[in-house]
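Line by line, the protein sequences are chains A and B.
For the first sequence, the numbering used here gives the first residue as 1, with consecutive numbering after it.
For the second sequence, the numbering used here gives the first residue as 1001, with consecutive numbering after it.
Report on one structure; see the data block that follows.
Number of protein chains: 2
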Amino acid sequence: MLVWERPEPPNRPVPSPLNRERIVRAAIQLADADGLEAVSLRKVAAVLGVGPMRLYSYIASKDELLDLMVDAVHAEIRPVGDGWREVLRSLAETTRQAAHEHEWLADLLGGRPRLGPHALARGEAVVAALGDVDLDAIMPVVTAVDAYVIGAVRREIAERRAERATGMDEKQWQASLGPYLERTFATGRFPALATVVRDAAHLDADHTFRIGLDFLLDGIEARISR
Amino acid sequence: MLVWERPEPPNRPVPSPLNRERIVRAAIQLADADGLEAVSLRKVAAVLGVGPMRLYSYIASKDELLDLMVDAVHAEIRPVGDGWREVLRSLAETTRQAAHEHEWLADLLGGRPRLGPHALARGEAVVAALGDVDLDAIMPVVTAVDAYVIGAVRREIAERRAERATGMDEKQWQASLGPYLERTFATGRFPALATVVRDAAHLDADHTFRIGLDFLLDGIEARISR
DNA sequence: TATTGATCGATACACTGTATCGCGCGATGC
DNA sequence: GCATCGCGCGATACAGTGTATCGATCAATA
C-alpha cells in the first residue's frame, strides 16, 4: 500500500502517564459498577486508553491486581474508639461498611493473605489501639474477629445478591424463595428447620451482624479479663 | 468424499448413562486434584467421555454445578454431640474438616445461599440437636457460628496455599515471607504490629481455630443461659 | 412406510489471561 | 549530524473459557 493511501498513525494521545494507583482505581471503578467479573485486564486497559499488555509493566498477573484492589480498600478501614471492645467493634463495622460500598470485596476477603501496606497499616492501627490487651492475646483475638467479619459479610452479600437476582425488592425474593422452601418443608423432611424458619423471629442484616459480633466480643471479654 | 473412503461413524461407546450425581462426582474429583480453576465444563465432560454441551441437559450453568458440588459436600457435614455447645463445636469442626479434604470449598463457602437438600439436611440436623435452645435464639446462634467458620476456614486455607506456593514446607515460607515482613517492619512504620509478630506467641492453625471458636461459644453461652 | 418431533452435540462466538516478538523510537557512538 | 544499537512497547497470537445456535439423527407416531 502506498504512503498516500496509508493513514497516518494516530497522533498518539499523550501517552497516558500510568501508575499502579490509576490502574487500581480504574479496576475498582469497574468492579463497583458491574461486579468483579466485569474486571478484565482488557476492560481496565480500555478505561485507561491503553493496550492490555501495558498493564503488565505494573503488575505480574491479574491476581496481583486483585490484591492491589483489596489493599486499596483497606486504606478506608481504620477502627477508632476507646478500649479494646470499641476498637474491635469499629474494626468489624468499618470492614462491613467497606464491603457494602464495594460488594466485590466479599468475593476477595479472606481469599489471600493481606500483606499490602494499607492492610498492614490497618493491622498496626488495630494492634496499637489494643494496648490494654495482653500481648499474647492480641493475635488470636484479632484473628477471630477478622474471621467472623469475613464470613458474616460474605453471607450477607451473597444473600443480598440472591435477592437482587430474582427481582429487585424483597417482595419478589420472598415470592420466589418462599414457595421453594414451603414446598420443600411440605415434604416433612425438615420439621425442626421448618419450625424455626416459619415461627421464629427474623432479624434483619444489621441485627444479625451485630448479635453475632456481640457473642464473639462477650466471649473475648470473658477470657481477656480473666 | 465417497462412501468408501469415509470412515464409519465410530460405534458409539454405550452412551454414557449420565446423571447429576456422576457429573458432580467428576467435578469434585477434578477440584480435589487440581483446585477449582481446574474445573471447566469441558474437562468435566471429558472425564465422563461426553461432549461439553451434554452437561447442559443436567445443569443450566456452571454456577449451578458449583452449587451442586457444595451441596454434595454438605452431605458429609453432620454435627453430633450432646447439648448445644457440643453440637455447635462439632458443626464447626466437621465443616473445617470438609474444607481440609476439599480445599476448593473455601473458595465457595458463603459465596451463595445454601438451599440444596444436603445443606438443608445439615441445617435440620443442627436445629434438631439444638432443642435446648430458645427458638428465637437458634437462627442468630447458628448464623454466627457459620459466619465464623466460613471466615476462619477461608483464612486458613488461603495461608496454607500461600505457604505451598513459595516452596513446599514451612521453611521456604518463612524464608520468603519472613524477610519481607522483616524489611517492612524495619521501616518503623508498624511498631506495634512488629512487636506482636516478633514477640508474641504464635499459635498453629488448629489452636487458632479452636480459640476463636471458644470465644464465640463462650459468648453464646453467656447470652443463652440468661 | 412416511412424517413428525424431540434430542443431542458439533460448531461457532465472544471473551478471557498472558507469551511472544517485530517494529519503532530514543539513546549512544563515531 | 548521522548511523547504529538496544530496548520497551504493544499488536498479534494462543490456548482456553462458558454457552447459544441449529443442523443432523434417531425414535415415535400417523
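Note that CB positions come from ideal geometry on N, CA and C, so glycine has one too.
Residue j beta carbon less than 8 angstroms from that of residue i
i: V127 (chain A); j: L1193 (chain B); result: yes
i: R1154 (chain B); j: G111 (chain A); result: yes
i: L1055 (chain B); j: A1045 (chain B); result: yes
i: A1152 (chain B); j: G1212 (chain B); result: yes
i: L181 (chain A); j: W104 (chain A); result: no
i: L216 (chain A); j: A106 (chain A); result: no
i: L48 (chain A); j: L18 (chain A); result: yes
i: A118 (chain A); j: D32 (chain A); result: Residue 118 (chain A) is actually His in this sequence, not Ala. Not closer than 8 angstroms, so no.
i: A99 (chain A); j: I23 (chain A); result: no
i: R1020 (chain B); j: E1221 (chain B); result: no
i: L1068 (chain B); j: T184 (chain A); result: no
i: P52 (chain A); j: A125 (chain A); result: no
i: V1197 (chain B); j: L1130 (chain B); result: no
i: L1091 (chain B); j: I1150 (chain B); result: no
i: T1187 (chain B); j: S1176 (chain B); result: no
i: L1228 (chain B); j: D199 (chain A); result: A query on residue 1228 (chain B) cannot be resolved here, the shown segment of chain B reaching from 1001 to 1226 and no further.
Classification of residue i by the beta-carbon crowding that lies within 10 angstroms, buried from 16 upward
i: P191 (chain A); result: exposed
i: D1071 (chain B); result: buried
i: Y1148 (chain B); result: buried
i: D132 (chain A); result: exposed
i: R1089 (chain B); result: buried
i: H1074 (chain B); result: buried
i: G219 (chain A); result: buried
i: D146 (chain A); result: buried
i: D1206 (chain B); result: exposed
i: T234 (chain A); result: Because chain A in this structure spans residues 1 to 226, residue 234 (chain A) falls outside the shown range and cannot be described.
i: R96 (chain A); result: buried
i: R1114 (chain B); result: buried
i: A60 (chain A); result: exposed
i: S225 (chain A); result: exposed
i: P1179 (chain B); result: exposed
Neighbour flag for residue i against chain B, beta carbons, 8 angstroms
i: I150 (chain A); result: yes
i: P113 (chain A); result: yes
i: R20 (chain A); result: no
i: E86 (chain A); result: no
i: A119 (chain A); result: no
i: G212 (chain A); result: yes
i: V127 (chain A); result: yes
i: A200 (chain A); result: yes
i: T184 (chain A); result: yes
Reduced DSSP category for residue i - H, G, I as helix; E, B as strand; rest coil
i: Y180 (chain A); result: helix
i: E1293 (chain B); result: Look at the range of chain B in this structure, 1001 to 1226, and you will see that residue 1293 (chain B) is not part of it.
i: G123 (chain A); result: helix
i: D134 (chain A); result: coil
i: L1018 (chain B); result: coil
i: Y1056 (chain B); result: helix
i: R1189 (chain B); result: coil
i: H1118 (chain B); result: helix
i: V145 (chain A); result: helix
i: D82 (chain A); result: coil
i: V1073 (chain B); result: helix
i: L48 (chain A); result: coil
i: S40 (chain A); result: coil
i: G1219 (chain B); result: helix
i: L1204 (chain B); result: At residue 1204 (chain B) the sequence reads Asp, which differs from the Leu that was named. Coil.
i: L91 (chain A); result: helix
i: G212 (chain A); result: helix
i: I1224 (chain B); result: helix
i: G151 (chain A); result: helix
i: R1025 (chain B); result: helix
i: L1030 (chain B); result: helix
i: R164 (chain A); result: helix
i: P113 (chain A); result: coil
Interface flag, residue i vs chain A, CB-CB below 8 angstroms
i: I1220 (chain B); result: yes
i: I1138 (chain B); result: yes
i: I1028 (chain B); result: no
i: V1080 (chain B); result: no
i: P1013 (chain B); result: Model confidence at P1013 (chain B) stands at a pLDDT of 45, short of 50, so the residue's coordinates are unreliable; what they give is reported in the following sentence. No - not a single Cβ of chain A is within 8 angstroms of the one on P1013 (chain B).
i: E1159 (chain B); result: yes
i: G1110 (chain B); result: yes
i: A1192 (chain B); result: yes
i: D1071 (chain B); result: no
i: T1094 (chain B); result: no
i: D1034 (chain B); result: no
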